[in-house]
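S.K.: Here it is: the structure, laid out below.
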Amino acid sequence: MMVLQGFKESGCPIFWTTRRGGSGTPGVGGQNPPSRVVGGGWDGDGMAGRATFFTFLTPLIRQWIALPKPPQALQSVAIGFISKDDGYNVVRMPTADGSSNILQLETFSSETGQWHCSMVHCPVPDYYNKTDCPVVDYNGSLHWLEFRHSKIITYNPDKETIQLHLMNLPNGKESEYLSLLGVSRGHFRYFEVTNTFQGPRNLCIWVL
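Heads up: the sequence shown begins at 1 in full-length UniProt numbering, then just goes up one per residue.
What follows is the structure, given as structure tokens:
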């Protein structure tokens with residue numbers, strides 16, 4: 001059984017945690033407390049490079065883990081979080097590549113306790129992302145929207161070969177700005193609100 005629960009902390013975005021249990025309802029006094037609960041977020045200004053992530057060991061005890069300072073002070077970054085059975089990864093990626101088509105990715109591994117910098121070729125020219133656009137973990141890879149070329153960029157930090165890959169957005173999409181990626185009912189989805197100036201707006205959802 002998997003239950004998603006959100007938490008809001010002062011000065012932080014909403015944290016999403018995953019409860020893993022057997023039959024019955026996890027919780028205080030239950031027979032199936034979560035065996036592992038992992039979530040994360042960042043404290044303060046994301047552009048400043050400060051990040052605080054946490055794990056829930058039981059429904060009653062919260063253990064906060066402060067990450068070391070990232071090696072570079074990037075001006076504007078998006079942040080992705082991958083939860084695994086044996087740990088987690090945090091990835092910082094720039095929101096624009098300038099004119100070099102080379103992106104500097106910073107990856108923190110809970111296994112090593114350190115940040116690692118990687119220079120990777122961007123598969124699209126004049127790359128642009130948004131800091132407020134969610135970076136989605138699905139099947140161990142991070143996915144985020146690239147807005148200038150209407151693509152989805154994917155990255156798996158556990159692969160030996162460091163590469164960014166492209167996915168096409170669904171046919172029939174209309175909006176470039178009122179859109180986001182997410183996971184719902186175990187499926188990777190693209191959400192879009194039609195950008196109409198008159199009349200009602202429509203919410204469209206694709207399973208990718």
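Backbone N, C-alpha and C fix where the C-beta goes; we use that ideal spot for every residue, glycine too. Here the structure is a predicted model, which means the values were calculated and not measured.
Kindly indicate which three-state DSSP category H149 falls into: helix, strand or coil?
M.R.: Residue state, collapsed to three classes: coil.
S.K.: Which runs of the beta strand (DSSP E) fall wholly inside the region 58-128 and span at least 3 residues, in chain order?
M.R.: Taking only runs of at least 3 residues, the beta strand (DSSP E) segments lying wholly in the region 58-128 are 62-66, 77-84, 87-94, 102-109, 114-121.
S.K.: Looking at the secondary structure, which residues open and close the beta strand (DSSP E) in which R189 lies?
M.R.: Residues 187-193.
S.K.: Any chance the CB of T194 is under 7 Å from a heavy atom of the ligand MG?
M.R.: Annotation note on the ligand MG: not contained in the displayed structure, which lists no ligands.
S.K.: So, at 8 Å on beta carbons, what are the nonlocal neighbours of N168 in its own chain, with the 5 sequence-adjacent residues on each side left out?
M.R.: Excluding positions up to five away in sequence, the list reads K151, I152.
S.K.: Please state whether DSSP places C204 in a helix, a strand or coil.
M.R.: Of the three classes helix, strand and coil, the one that applies to C204 here is strand, per DSSP.
S.K.: Could you name the residues of the same chain whose beta carbon sits closer than 7 Å to that of D126, not counting the 5 residues immediately before and after it, in chain order?
M.R.: Around D126: R148.
S.K.: For H165 and P123, what's the separation of their Cα atoms in angstroms?
M.R.: Answer to the nearest angstrom: the Cα atoms are 7 Å apart.
S.K.: Quick one: Cα of V120 to Cα of Q72, how far?
M.R.: C-alpha separation (whole angstroms): 16 Å.
S.K.: G140: which of V91, H116, L105 sits nearest, CA to CA?
M.R.: Of the listed residues, the one whose Cα sits closest to G140 is V91.
S.K.: Give every residue of the same chain whose Cβ lies closer than 7 Å to the Cβ of H187, excluding the five residues on either side of it in the sequence, and list them in chain order.
M.R.: V207.
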